[in-house]
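Enquirer: Numbering (our numbering), first residue to last: 9 to 371. Note that the Cβ used here is the ideal one computed from N, Cα and C, for glycine as well. Note that the structure is a prediction, hence the values are computed from the model and not measured. I have a structure I would like to understand better, so I am pasting it below and will then ask my questions one at a time.
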Ligand SMILES: *Cc1c(COP(=O)(O)O)cnc(C)c1O
């Protein structure tokens with residue numbers, strides 16, 4: 009049976025369509041197209057859900073990172089630590105404000121930033137900030153990162169673009185004292201009908217600054233930009249928020265079913281059981297022993313019409329635009345290319361998992 013990697017048909021079912029059409033109709037009636045009542049209600053509710061004091065909606069997840077860096081005073085020429093494995097946008101945000109990247113190596117099993125590599129790096133590099141990424145939805149080791157960064161005044165921005173529903177030490181991502189950024193791009197766990205993102209912060213002063221930056225610098229000193237969130241996107245997010253926690257629970261249940269179905273299979277490596285309840289399971293990565301085995305599995309999945317994506321095919325330092333930046337990333341390079349993500353949207357069934365397990369057994 010064909011198994012789609014994403015399932016927007018179920019996500020945007022008739023009930024949801026009726027609800028969202030009513031909200032969009034209200035927006036047209038009130039001609040409030042940018043920053044309206046749904047922006048306000050979503051910001052309030054999402055902050056509460058994630059254990060934060062302030063939520064500021066912005067144009068997208070990359071802007072959320074850039075605006076966070078600017079709000080913290082990171083300037084052109086400053087150095088910012090970025091993990092060797094992440095989506096390109098994490099690095100792009102640093103370069104877009106004129107700052108420089110220093111690579112920090114990742115854990116060989118999870119792909120999360122490795123605090124030991126960070127501890128070595130800060131001995132020789134003066135970092136102004138660091139962007140740990142909750143990659144795949146897994147919780148990055150924030151406490152250990154804080155222990156290294158706080159005494160040195162290195163600001164921490166958590167890239168939670170894949171982590172709506174992630175828990176760190178039992179608390180929702182967003183509960184720390186760091187700036188925490190999200191993307192609501194249509195494929196993320198909580199998604200708009202286009203581009204949107206947000207920044208969470210416990211600090212009211214930073215919240216005011218971010219509000220100014222996203223709206224042409226209004227009310228603050230210095231330059232701003234336009235990164236407001238459209239009212240229609242906020243309405244979609246506000247509507248989806250009511251089901252977000254249920255859908256994240258579904259993903260965790262499915263991750264548990266994958267774990268049971270795949271744990272005995274030789275030649276593949278799955279994530280440890282401890283992450284079943286703490287990850288948002290934005291993606292379900294399995295690791296193969298070689299790049300060739302990953303490619304072989306892709307051919308097998310393609311034949312059976314099973315959705316899959318090779319996140320990430322290369323470490324950041326292997327991308328042409330980023331080759332000139334230095335740091336540690338031996339593990340990241342070895343990890344990249346051997347990973348294949350399996351379908352894990354809320355509508356994956358136990359029969360889907362059994363079929364995928366059979367294919368993996370025959371690898
Ligand atoms: C999606 C994503 C982003 C960028 O978000 P956009 O909304 O596409 O700008 C940044 N970081 C990570 C880890 C992502 O997955």
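Kindly indicate which residue of 101, 94, 95 has the alpha-carbon position closest to the one of residue 88.
Expert: 101
Enquirer: Residue 411 by DSSP, collapsed to three states: which one?
Expert: Residue coverage of the chain in this structure runs from 9 to 371, which leaves residue 411 outside it and unanswerable.
Enquirer: Less than 7 Å separating the Cβ of residue 432 from some heavy atom of ligand 1?
Expert: The chain is shown only over 9 to 371; residue 432 falls outside these bounds and no answer can be derived.
Enquirer: Rounded to whole angstroms, what is the Cα-Cα separation between residue 15 and residue 221?
Expert: 35 Å
Enquirer: Could you round the C-beta distance between residue 190 and residue 72 to whole angstroms and report it? I think they count as a contact, below 8 Å.
Expert: 7 Å
Enquirer: Pick helix, strand or coil for residue 317, following the three-state DSSP scheme.
Expert: strand
Enquirer: Cβ atoms of residue 319 and residue 367: under 8 Å apart, would you say?
Expert: no
Enquirer: So, at 6 Å on beta carbons, what are the nonlocal neighbours of residue 322 in its own chain, with the 5 sequence-adjacent residues on each side left out?
Expert: If we look at residue 322 and ignore the five residues flanking it on each side, its Cβ neighbours are 344.
Enquirer: Using only alpha-carbon positions, find the residue among 114, 290, 124 that is nearest to residue 192.
Expert: Checking every option, the nearest Cα to that of residue 192 belongs to 290.
Enquirer: Shorter than 7 Å, the distance from the beta carbon of residue 193 to the closest heavy atom of ligand 1, or not?
Expert: yes
Enquirer: Restricting to runs no shorter than 3 residues, where is the beta strand (DSSP E) found entirely within the region 189-229?
Expert: 205-209
Enquirer: Can we count residue 69 as close to ligand 1, meaning its CB is less than 7 Å from some heavy atom?
Expert: yes
Enquirer: Closer than 7 Å to a non-hydrogen atom of ligand 1 - does that hold for the CB of residue 122?
Expert: no
Enquirer: Any idea which residues DSSP pairs residue 175 with across the strands?
Expert: 180
Enquirer: To the nearest angstrom, report how far apart residue 59 and residue 65 are at their CA atoms.
Expert: 16 Å
Enquirer: How about residue 185 and residue 210: do their beta carbons lie closer than 8 Å?
Expert: yes
Enquirer: Considering only the beta carbon of each residue, do residue 86 and residue 107 sit closer than 8 Å?
Expert: yes
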